[in-house]
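One structure is given below, encoded as structure tokens.
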Amino acid sequence: MQKQSWQFEPLFGFPPHPLQQALDRLPTDDPAHRLLIAEAETGSGKTEAALIRFFRLFAAGEVDGLYFALPTRVAARELYQRVLTYVEKAFPGRATRPMVLLAVPGYARVDGIETKLLPDRASRCSDESKQQRQERSWAAEHPKRFLAATIAVGTIDQALLSALQTPHAHLRSVCLDRQLLVVDEVHASDPYMRHLLTELLRHHLASSHALLLSATLGAVAQDAFLGAAGAKQSGSKLDDALKMPYPALTNGAGEHLPLVVASTRTKSVTVESVPHLSDPGALLPTIQRALAQGARILVVLNTVGRTLALQRAVEDTVPADTLFHCRDIITPHHGRYSPADREVLDAAVSTRMGKGSNSGPLLLIGTQTLEQSLDIDADLLITDLCPMDVLLQRIGRLHRHDRERPASMKEARCLLLTPENGSLKDWLQSDGEATGNAKRIGLGSVYADLRTLQLTWDYLRQNPPIEIPRGNRLLVESKVDPRFQTVV
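For what it's worth, the numbering used here labels the leading residue of the sequence shown as 377, then goes sequentially.
This is the structure:
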């Protein structure tokens with residue numbers, strides 16, 4: 377396959393931002409750069425930065441392909457079309473263009489064309505005239521082959537399966553060995569996934585490159601990933617972690633590479649604790665007033681059950697034309713839809729709530745499926761209590777773009793649903809487990825560590841306005857770092 381050189385601006389259509397420029401100019405043959413960790417705010421162009429790094433490594437013969445791993449199927453589907461578009465621009469000749477696979481079971485696409493997965497032990501037959509098409513779609517026929525695609529966009533679990541004792545783990549591992557592994561939203565990993573990713577990196581970096589992308593990555597997790605690259609564990613204190621630069625680009629030796637960062641847009645968000653965690657329906661008067669003022673409201677709750685209960689309540693009290701519709705049907709957003717319906721629903725959310733969408737009152741209610749990847753720009757955010765790093769993701773959907781807003785919504789405001797009694801201690805049993813009532817709300821189940829939730833809540837009560845992205849490092853390190861939780 378022909379390998380060539382690319383210029384950033386003609387390829388992506390805009391001048392490179394500092395992070396993109398740094399990854400564009402970084403040497404491809406420095407062993408210290410086999411692992412790179414990029415931290416920057418949402419919307420800073422980390423996707424394009426990852427792609428230009430891939431194009432440079434590919435042209436230099438350092439990698440033979442790319443696997444772009446994301447935390448959810450929604451995120452993978454949203455990103456796939458962008459990657460496909462850029463690859464088509466980078467390789468205008470169809471005969472020399474690498475295949476681009478959407479590596480998500482139920483949604484698999486090859487070069488933008490939907491393909492069907494085959495049952496086990498089956499193979500797709502075709503005549504000689506379709507030989508090339510058959511070769512390009514081979515990797516899409518079974519999930520176990522997804523990583524064999526030259527360029528694939530999929531979920532992180534497809535890569536992590538190569539680090540587990542599962543059927544076809546060796547096939548996945550070999551296919552990944554010469555790929556640039558890009559892991560987006562790496563901060564979204566739970567401790568188990570973080571351990572698996574560390575083990576995967578330990579093997580992968582012996583033969584290839586990896587790039588980890590995050591809005592803000594805690595120092596403990598970063599230490600673990602750098603350890604997989606052979607860097608000495610820093611064991612830094614919390615104060616040292618808070619002094620780390622942001623945005624940041626860190627290599628496998630633990631060195632912070634220089635970024636020329638211009639002044640960035642800062643968003644000040646007032647977070648108000650609302651003691652109605654057990655009954656989000658108590659917010660109906662607030663929702664009605666905001667809709668009457670022309671606001672676009674996003675409500676993110678921790679469980680599907682709570683989402684459906686609130687949806688039923690608002691349908692009885694709020695004008696139907698202000699509720700989110702998909703194909704003329706009033707609907708909430710959650711993960712229990714069929715693949716086909718979910719794809720339509722996600723597109724409707726981005727169209728109605730994304731950049732360039734029409735103004736006017738609108739209420740969208742959903743679960744964590746709304747907190748990542750979808751383009752949502754809300755005037756008012758209402759959310760269940762959740763860990764600080766998750767809350768920052770949800771706040772990323774608030775005042776996301778520059779546009780005209782109702783007079784009462786000029787300032788970014790988040791209403792945080794919290795326990796009525798002022799503390800989480802009454803939600804704990806004597807053995808430290810969360811009570812059944814707490815788990816039904818997602819505390820102790822969706823988010824297992826109640827210490828993190830308590831720290832998040834305590835901080836926000838004392839510091840209601842938060843500055844994003846300037847305060848991201850402090851917010852994440854002091855409320856998510858396990859070393860800080862010992863005081864709770």
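C-beta: ideal position from N, C-alpha, C; glycine also. A quick note: this is a predicted structure, and the numbers were derived from the prediction, not measured.
Note down, in chain order, each residue of its chain lying with its Cβ closer than 6 Å to the Cβ of ALA617, except the 5 sequence neighbours on either side.
Same-chain partners within the cutoff: ALA595, GLU853.
Can you give, in chain order, each stretch of the alpha helix (DSSP H) that sits fully within the segment 545-596 and has at least 4 residues?
Correct list: 545-552, 567-580.
Please name the residue or residues paired with TYR923 in a DSSP beta bridge.
Residue 923 is absent from the structure shown; the chain starts at 377 and stops at 864.
Mind checking whether THR642 and GLU843 have CB atoms under 8 Å apart?
Yes; because the gap between Cβ atoms is below 8 Å, this pair is in contact.
Who are the Cβ neighbours of GLU631 in its own chain at under 8 Å, not counting the five residues just before and after it?
The residues are ALA408.
Note down the Cα distance separating SER708 from ASN734, rounded to an integer number of angstroms.
For the sequence presented, residue 708 should be read as Pro rather than Ser. Each residue's Cα considered, the two are about 19 Å apart.
Where does PHE430 fall in DSSP's three states?
Looking at PHE430 - three-state DSSP - the assignment turns out to be helix.
In angstroms with no decimal places, state the Cα-to-Cα distance between TRP692 and VAL675.
With the sequence shown as reference, residue 692 is identified as Asp, and Trp is not the correct amino acid for it. Their Cα atoms are separated by approximately 17 Å.
Check whether the Cβ atoms of ALA586 and LEU572 sit closer than 8 Å, and answer yes or no.
No, the Cβ-Cβ distance between ALA586 and LEU572 is not below 8 Å.
Is the CB-CB distance between GLU424 and GLN396 below 8 Å?
Taking 8 Å as the Cβ cut-off, GLU424 and GLN396 qualify as a contacting pair.
Out of SER590, ASN678, ALA685, which one is the CA nearest neighbour of SER749?
That would be SER590, whose Cα lies nearest to the Cα of SER749.
When you compare only the Cα positions, how much space is there between VAL864 and ASP802?
Here the model assigns VAL864 a pLDDT of 48, short of 50, so the residue's position is not dependable and the matter cannot be decided.
Among THR794, ASP722, TRP382, which has the Cα closest to the Cα of GLU454?
Among THR794, ASP722, TRP382, the Cα nearest to that of GLU454 belongs to ASP722.
State the start and end residues of the unbroken alpha helix (DSSP H) segment that holds PRO865.
Given a span of 377 to 864 for the chain in the structure shown, any question on residue 865 remains unanswerable.
DSSP state of PRO386, grouped into three classes?
Residue state, collapsed to three classes: helix.
Determine the direct distance from the alpha carbon of ILE413 to that of ASN839, and round the result to whole angstroms.
Rounded to whole angstroms, ASN839 to ILE413 spans 29 Å at the Cα level.
Return the CA-CA distance between GLY730 and ILE663, expressed in angstroms with no decimal places.
Cα to Cα, GLY730 sits roughly 20 Å from ILE663.
Select from LEU677, ASP753, ASP533 the residue whose C-alpha is nearest the C-alpha of LEU819.
Checked all of LEU677, ASP753, ASP533; the closest Cα to LEU819 is LEU677.
Measure the C-alpha to C-alpha separation of THR626 and GLY488 and round it to an integer number of angstroms.
Cα to Cα, THR626 sits roughly 34 Å from GLY488.
Since SER644 is in the beta strand (DSSP E), which residue starts that stretch and which ends it?
Here the beta strand (DSSP E) through SER644 covers 643-650.
Just to confirm the assignment, what range does the alpha helix (DSSP H) spanning THR626 have?
Taken as a continuous stretch (DSSP letters only), THR626 belongs to no alpha helix (DSSP H), being part of the beta strand (DSSP E) at 624-627.
Are the beta-carbon atoms belonging to VAL550 and PHE444 less than 8 Å from one another?
Cβ distance not < 8 Å, so VAL550 and PHE444 don't count as in contact.
Taking only three categories from DSSP, how would you classify ARG485?
In the structure shown, ARG485 sits in a strand (DSSP, three-state: E or B).
Taking the straight line between their C-alpha atoms, what separation do you get for ARG779 and GLY732?
Rounded to whole angstroms, ARG779 to GLY732 spans 9 Å at the Cα level.
Please state whether DSSP places ARG828 in a helix, a strand or coil.
Correcting the residue type first, residue 828 is Thr in the shown sequence and not Arg. It is helical.
So which of LEU686, PHE467, ASP566, TYR462 has the shortest CA-CA distance to HIS710?
Checked all of LEU686, PHE467, ASP566, TYR462; the closest Cα to HIS710 is LEU686.
Could you spell out where the beta strand (DSSP E) holding PRO841 opens and where it closes?
Looking at the DSSP string, the run of the beta strand (DSSP E) that includes PRO841 is 841-844.
Indicate the three-state DSSP secondary structure (helix, strand or coil) for PRO634 in the structure shown.
Residue state, collapsed to three classes: coil.
Below 8 Å on the Cβ atoms is my contact criterion, and I expect ARG789 with THR646 to pass it. Report the Cβ-Cβ distance as a whole number of Å.
The pair is a contact, with the Cβ atoms about 5 Å apart (cut-off 8 Å).
Mapping DSSP to helix, strand and coil, what is GLU490?
Three-state DSSP puts GLU490 in a strand.
Report the option in ARG470, MET475, PRO447 whose CA atom is closest to the CA atom of VAL459.
Per the Cα distances, MET475.
Specify, as a first and last residue, the run of the alpha helix (DSSP H) that TYR456 falls within.
Note, TYR456: alpha helix (DSSP H), 449-466.
Between which two residues does the beta strand (DSSP E) carrying THR759 extend?
THR759 -> beta strand (DSSP E) spans 756-760.
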